[in-house]
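The structure appears right after this line, and notes come after that.
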Amino acid sequence: MTTTAPARQIVDQLGDVRIVPVTSFETPEQAHATATALMRGGITCIEVTFRTAAAAECIARVSGINGLLIGAGTLLSPDQVQEAIAAGAHFGVAPGTNVGVIEAARDSGLPFFPGVATPSEIERVRSLGISTVKVFPAGPLGGPAFLKAVAAVYPDVKFMPTGGVDAGSVAEYASAPGVLAVGGSWVASTSLIREDRYDEIERLAREARETLSSVARP
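Just so we're aligned: 119 in numbering that gives the first Met the number 0 is position 120 of the sequence shown, and the numbers increase by one with no gaps anywhere.
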């Protein structure tokens with residue numbers, strides 16, 4: 000089993016990078032080429048979602064890239080948590096709150112950030128000792144306005160909004176109260192990956208980093 004870093008260390012790293020490209024791959028080669036392009040563009044983090052059968056193999060393929068922070072996304076079962084850890088993921092993310100998955104991650108030492116969409120769900124994960132969460136789907140929930148509202152009543156919680164974030168809105172999301180990092184698929188979209196447009200992924204990564212460098216931290 001791969002030894003994972005403490006949750007506090009992962010949270011600090013996510014706060015430094017401020018953006019988590021959300022990706023889905025069909026082959027390990029796609030994963031490596033994409034991660035390399037992101038690194039060239041200045042983004043040192045990637046979320047590989049468990050939406051394809053190749054997810055674990057793709058995480059293993061990029062785990063050897065020095066300086067890359069790797070998240071396993073869309074973890075929906077305890078078995079997927081174990082697959083992610085064995086492949087070399089540094090942290091896990093889910094679109095919702097599943098206590099079984101949370102417990103599996105905790106028992107295995109994998110820093111894990113469940114998804115929330117309501118104040119009740121935020122309170123539920125807080126009761127489990129979790130203070131960093133994914134907000135999904137951020138756009139349909141109300142975007143930065145929703146984040147501002149919930150941050151006012153849960154100032155101890157850090158948010159990672161995902162779903163509906165793009166190049167035009169990333170700055171507004173990143174500056175919203177309580178936001179640790181922003182997740183988005185536009186930097187390395189499935190269409191760009193399938194078309195082998197890794198130069199464009201690098202360009203979009205650099206553009207996103209430049210945008211975030213001018214945004215004050217909330």
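Built from N, CA and C at the ideal position, the CB exists for glycine as well.
Can you check whether the CB of residue j is closer than 8 Å to the CB of residue i?
{"i": "Ile45", "j": "Leu67", "result": "yes"}
{"i": "Trp185", "j": "Leu211", "result": "no"}
{"i": "Val10", "j": "Leu146", "result": "no"}
{"i": "Ser126", "j": "Gly87", "result": "no"}
{"i": "Ala207", "j": "Thr22", "result": "no"}
{"i": "Ser107", "j": "Val132", "result": "no"}
{"i": "Phe49", "j": "Ala85", "result": "no"}
{"i": "Ala83", "j": "Ile58", "result": "yes"}
{"i": "Thr96", "j": "Glu122", "result": "no"}
{"i": "Gly91", "j": "Leu74", "result": "yes"}
{"i": "Ala177", "j": "Pro217", "result": "As written in the sequence, residue 177 is Gly, which differs from the Ala given in the question. Cβ atoms of Gly177 and Pro217: closer than 8 Å."}
Would you give the residue range spanned by the alpha helix (DSSP H) that residue i belongs to?
{"i": "Leu191", "result": "Thr189 to Arg193"}
{"i": "Asp198", "result": "Tyr197 to Ser212"}
{"i": "Val61", "result": "Ala54 to Val61"}
{"i": "Val169", "result": "Val169 to Ala173"}
State the start and end residues of the unbroken beta strand (DSSP E) segment that holds residue i.
{"i": "Glu46", "result": "Cys44 to Thr48"}
{"i": "Leu68", "result": "Leu68 to Gly72"}
State the beta-bridge partners of residue i as determined by DSSP.
{"i": "Met38", "result": "DSSP lists no partner for Met38."}
{"i": "Pro154", "result": "Its beta-bridge partners do not exist; DSSP assigns none."}
{"i": "Ile18", "result": "Val181"}
{"i": "Pro160", "result": "Val134"}
Tell me, to the nearest whole angstrom, how far the beta carbon of residue i is from that of residue j; I am working on the premise that it is less than 8 Å.
{"i": "Val149", "j": "Pro118", "result": "6 Å"}
{"i": "Thr33", "j": "Ile200", "result": "6 Å"}
{"i": "Val134", "j": "Phe158", "result": "5 Å"}
Please confirm whether residue i has its beta-carbon closer than 8 Å to some beta-carbon of chain C.
{"i": "Ser126", "result": "The chain inventory of the structure shown lacks chain C, comprising one protein chain alone."}
Is residue i near the ligand MN - that is, is its Cβ less than 7 Å away from at least one heavy atom of it?
{"i": "Ala53", "result": "Absence of the ligand MN is noted for the structure shown, with no ligands found whatsoever."}
What beta strand (DSSP E) runs, 3 residues minimum, are completely inside the stretch 75-152?
Runs of the beta strand (DSSP E) inside the stretch 75-152: 90-92 and 131-134.
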